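**Student:**
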Amino acid sequence: MDFNLPEETLILQDTVRRFVDNELMPLEQQLPERSNSFDLPPEIFQPLADKLEKLGLRGLDVPEDVGGAGLGPLDNCVITEQVHRCTAGRSVFASRFAHMLYELGNAQQRDKYLIPTVRGDFHGASAFSEPQAAGDLAGIKTTVEKTADGWLINGSKCWIAHAKTARYILVLARLKGTERHDGMTWLIVDAGTPGFTVGRQQNIIHGESTYELFFENCLVPDSQLLGEPGQGWGAGTAYLYASRIQIAGRALGIADRCLELATEYAQQRRTFGKPLATRQAIQWMLADSAMELHAARLMVYEAAWRAQAGESVIPQTAMIKVVATEMAGRVVDRAVQIHGAAGVSDETVLERCYRDVRPMRIYEGSSEAMRSVVARSLLQ
Ligand SMILES: Cc1cc2nc3c(=O)[nH]c(=O)nc-3n(C[C@H](O)[C@H](O)[C@H](O)COP(=O)(O)OP(=O)(O)OC[C@H]3O[C@@H](n4cnc5c(N)ncnc54)[C@H](O)[C@@H]3O)c2cc1C
């Protein structure tokens, strides 16, 4: 029997590949650099969103009852890979946190936040990182305490993507008086809640921005508690494990595109009377990229397949995040090198890919943190 993805996953892969090639690739060079689905001009975003709706591809990781596509981690990963072959991809497929809202949210929260988020009416942000604790998440200092009127939040966050335009923020805080993994609690804070402010914009290499957030005696009603108080650690880490599979998928897509571009360019570009592709130095760069991409893809698909089958894949998700994002860094770098000046200019999308892959080794679990997870599972 041939090794392959399940039949239905292959159909999804093909559908999304055609959508990306036909609808997104032509847009790629026109999009503003700092684009995401939240700031695309409506005349560009809306027709794309409508087409995705028709294809059943909104809210990939949440069930149909809230308007999602109800896909498992493998299908979601394979789609994410296809989408990120195009730098315009991240612009229209952003549906972060929907899964966490689905898992933890009650019926009112699903109606108020999740369903409109999946529909694309507005979006949220997720805030766990703090100035003194981001990689070391158990060290967060933002506190929440129960009062007669609701929940009182005090503290600050940083590096929070999409916070400026978010309608609501999912905030991780700790019950006052608790330490480390105990007392972790998620709350939903609406933009404009008294005591909550969005601070300094922090510009990131890949073109998007993150923000500082401040909570000063920010009081939210009981209805804004997301899940059980004190039980937030498990929910937060489950969200991160799932998102690591998707980040790995993203890395595969970017690397795949860069290898494709480098291969084409090496055949066209002639130097010293011959195509670059005839030079062994160039061939080896292409071969190394193809081998590394293939190895990473097999690992990523396997971990995603296990997750889809319901297995616990904590060390596997750590492994694939490191392997895929570090692989993508090398593949993009070689593609840039093969393109010479064109690779570091905005004549090609490679410089955008180069900037896109670098933060992936830092956010949602740095390479070092991921290696620690893998080592811990070996040494236990
Ligand atoms: C583009 C981008 C978007 C982000 N979006 C969000 C968001 O939406 N919401 C949110 O909450 N956060 C977000 N973050 C924050 C992100 O999760 C943190 O940056 C990340 O967890 C790393 O934390 P840190 O930057 O404080 O690094 P630190 O934890 O200070 O670590 C610094 C460096 O030291 C290494 N290191 C740390 N401890 C050890 C150790 N014990 N052994 C060996 N090496 C170690 C780390 O791997 C890292 O390379 C975002 C970050 C970026 C770059």
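Heads up, the sequence shown is in the numbering used here, so the first residue is 2 and it goes up one at a time.
The beta carbon of each residue, even a glycine, is placed where N, CA and C say it ideally should be.
Every value quoted in this text rests on a predicted model; they were computed, and no experiment measured them.
(1) Can you give me the Cβ contacts of Phe98 inside the same chain, cut-off strictly under 7 angstroms, excluding the 5 residues immediately before and after it?
(2) On a Cα-Cα basis, can you pick out the residue from Tyr364, Asn23 and Ala343 that is closest to Ala162?
(3) One question on the structure: do Ala267 and Ala278 come within less than 8 angstroms of each other, judged by their Cβ atoms?
(4) Examine the Cβ distances between the stretch 305 to 316 and the stretch 332 to 341 and report whether three or more of them are shorter than 8 angstroms.
(5) Rounded to whole angstroms, what's the CA-CA distance from Lys134 to Ser157? Just pull it up for me.
(6) How long is the line joining the alpha carbons of Lys275 and Gly330, rounded to whole angstroms?
(7) Please list, in chain order, all residues of the same chain as Gly151 whose beta carbon is under 6 angstroms from its beta carbon, the five residues on each side excluded.
(8) Measure the C-alpha to C-alpha separation of Gly208 and Thr198 and round it to an integer number of angstroms.
(9) Evaluate Leu41 with the Cβ neighbour count: other Cβ atoms within 10 Å of its Cβ, from every protein chain shown; 16 or more gives buried, anything less gives exposed.
(10) Are the stretch 317 to 327 and the stretch 101 to 118 in contact at 8 angstroms, needing three or more beta carbon pairs?
(11) DSSP three-state label for Phe197, please.
(12) Go ahead and label Gln225 buried or exposed: buried means 16 or more other beta carbons lie within 10 angstroms of its beta carbon, across all protein chains shown.
(13) Mind checking Phe273: buried by the 16 CB within 10 Å criterion, or exposed?
(14) Quick one: what does DSSP say Ser378 is sitting in, helix, strand or coil?
(15) Evaluate Trp285 with the Cβ neighbour count: other Cβ atoms within 10 Å of its Cβ, from every protein chain shown; 16 or more gives buried, anything less gives exposed.
(16) Residue range of the beta strand (DSSP E) that Met361 falls in?
(17) What do you reckon, is the C-beta of Gly235 under 7 angstroms from a heavy atom of ligand 1?
(18) Taking its Cβ as the centre, do 16 or more other Cβ atoms sit within 10 Å of Ala256, making it buried, or is it exposed?
(19) Quick check: what's the CA-CA separation for Ile283 versus Pro360?
(20) Using the Cβ count rule (16 or more neighbours within 10 Å means buried), how would you classify Phe20?
(21) How should Met2 be labelled, buried or exposed, when 16 other C-beta atoms within 10 angstroms of its C-beta is the threshold for buried?
**Tutor:** Per the coordinate set shown:
(1) Residues Gly125, Ser127 and Leu171 of the same chain have their beta carbon placed closer than 7 angstroms to that of Phe98, with the five preceding and five following residues left out of the count.
(2) Ranking Tyr364, Asn23 and Ala343 by Cα distance to Ala162 puts Tyr364 first.
(3) Against a cut-off of 8 angstroms, the Cβ pair of Ala278 and Ala267 comes out as a contact.
(4) With fewer than three CB-CB distances shorter than 8 angstroms, the stretch 305 to 316 does not count as touching the stretch 332 to 341.
(5) Contrary to the premise, residue 134 reads as Ala rather than Lys in this sequence. Each residue's Cα considered, the two are about 11 angstroms apart.
(6) Distance between the alpha carbons of Lys275 and Gly330: 28 angstroms.
(7) For Gly151, where only same-chain residues beyond five positions count, the Cβ hits under 6 angstroms are Leu220, Val221, Pro222 and Asp223.
(8) Taking the straight line joining both Cα atoms gives about 23 angstroms.
(9) Leu41 should be labelled buried.
(10) Short answer: they don't touch.
(11) In this structure, Phe197 counts as strand in the three-state DSSP scheme.
(12) With 16 or more other Cβ atoms within 10 Å, it is buried.
(13) So Phe273 ends up on the exposed side.
(14) In the structure shown, Ser378 adopts helical secondary structure according to DSSP, grouped into three states.
(15) By the 10 Å Cβ count, Trp285 comes out exposed.
(16) Note, Met361: premise wrong, no beta strand (DSSP E); not H, not E.
(17) Relative to ligand 1, the beta carbon of Gly235 is positioned no closer than 7 angstroms to any heavy atom.
(18) Ala256 sits buried, since 16 or more C-beta atoms from the chains shown fall within 10 Å of its C-beta.
(19) So the alpha carbons of these two residues sit roughly 27 angstroms apart.
(20) By the 10 Å Cβ count, Phe20 comes out buried.
(21) Unreliable placement is indicated for Met2, whose pLDDT of 49 sits below 50; the coordinate value is still reported in the next sentence. With fewer than 16 neighbouring CB atoms inside 10 Å of its own CB, Met2 falls in the exposed class.
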